[in-house]
Structures are given as structure tokens and as C-alpha cells.
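Everything on this sheet refers to the single structure shown next.
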């Protein structure tokens, strides 16, 4: 989720509806990434203000790894989010046709959140494809899938999609530098 809004007033219909949708996602153990507010505010925002421990709050970072000045202070992680090239694939065809390379750079926690969610997706996908490759190889050899010396064990695919496990994986990749 690359949006942030102020927490709706208590008891309002908006807060009830939004809280219900967020609770449903939490109960289904969906990995949820939300962008930090780029407004430098101590005010709580949704969606991270709802069951904070179930969301990854992502802030933007400069290319040297330091936190972007507007990234907030309570981020779980910071990812590249300052002057990130966000050009579409159309740039290649424009370059080939006109020999002009157009690029567009964007800055903000929403950009960083997309990269964080993409990394989590790549990690979980890697586990799924590894398990599939192991099962396929064993079946082709006429063997049952029984845990062996493989790096991916039964249950790893389900575990890697848990919030705490993804958080551990991200922590092993890098640390926050608040400048």
C-alpha cells in the first residue's frame, strides 16, 4: 500500500470500514507494506496506525543508504526512494526511434514501498520455485518428496510469507541508517 491518510475520527463510518478491511487482511496473514508519510509528522496515519506490528512501514533512502529527510522516524526499513528512475518501457522505443533517452525520476516513500514489496515478492517466489524444482526432480527420479539435504525444506514456503520471517530476511540484507 503506497498511501497514507490521517487516522479517521473514532467511531466514524470511514474508520469502521477501513479498520474492517485492514483487520481482514491481517487475519489472512497478508504481508502488508505501507509507505511512511513524507509530510514529517508525528500524527498517526493509516494503514500503519492500525495494528502497527503487522505492517512494514517503509521510508525512502538516498542512493548512499541514508534516510531521506522526509522519510519519518519510525520506519521498519528504508529502500531507495530518492531520484529513482521510474521511466516506463516506452523509453527504449522512444530512444530507438528518436535517439533521445527520456527518463523520469521520482522521489518518495511510495517509490521505496514498491521496491520493498517487490523484494519480498522475489524472496517468496524464490522459495516457491526452489521447492517446486526439488519436488519435480524427485518425482522425475521416481522418488517421494521427503526432506533431504536441500536448502528449501517442507514448510519453508509457508514460513517465508510470515511477517516476522520477512522482517528477519530484510534485517539480514541491511540496516537502517537514519543519517
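In full-length UniProt numbering, the protein residues as written are 1 to 179. Where is the CB? At the ideal position from N, CA and C, for every residue including glycine.
Going by other Cβ atoms of all chains shown within 10 Å of its Cβ, with 16 needed for buried, is residue 75 buried or exposed?
Flag for residue 75 reads buried.
Write down the C-beta distance between residue 50 and residue 27 rounded to the nearest angstrom, noting that I regard them as a contact closer than 8 Å.
Beta-carbon to beta-carbon, residue 50 and residue 27 are separated by about 13 Å, too far to satisfy the 8 Å threshold.
From which residue to which residue does the beta strand (DSSP E) around residue 61 run?
Boundaries of the beta strand (DSSP E) harbouring residue 61: 55–61, taken from the DSSP string.
Helix, strand or coil, according to DSSP, for residue 68 in the structure here?
Three-state result, residue 68: coil.
Assigned secondary structure, residue 7 (DSSP; H/G/I helix, E/B strand, else coil)
Residue 7 falls in the coil class under three-state DSSP.
Can you give me the start and stop residues for the beta strand (DSSP E) that residue 35 sits inside?
Unbroken beta strand (DSSP E) run through residue 35: 32–35.
In whole angstroms, give me the CA-to-CA distance for residue 65 and residue 139.
Rounded to the nearest whole angstrom, the C-alpha separation of residue 65 and residue 139 is 45 Å.
Pick helix, strand or coil for residue 84, following the three-state DSSP scheme.
If DSSP states are grouped into helix, strand and coil, residue 84 belongs with the strands.
Option nearest residue 78 by Cα separation, candidates 48, 36 and 85
Considering only 48, 36 and 85, the residue with the shortest C-alpha distance to residue 78 is 36.
Under the rule that 16 or more other beta-carbon atoms within 10 Å means buried, what is residue 108, buried or exposed?
With a threshold of 16 other beta carbon atoms within 10 Å, residue 108 meets it and is buried.
Using CA coordinates, which residue listed in 126, 125, 84 and 137 is at the minimum distance from residue 114?
Here the closest residue by C-alpha is 84.
My output table needs one value for residue 50: the three-state DSSP class, helix, strand or coil.
DSSP, reduced to helix, strand and coil, places residue 50 outside both helices and strands of the structure shown, so it counts as coil.
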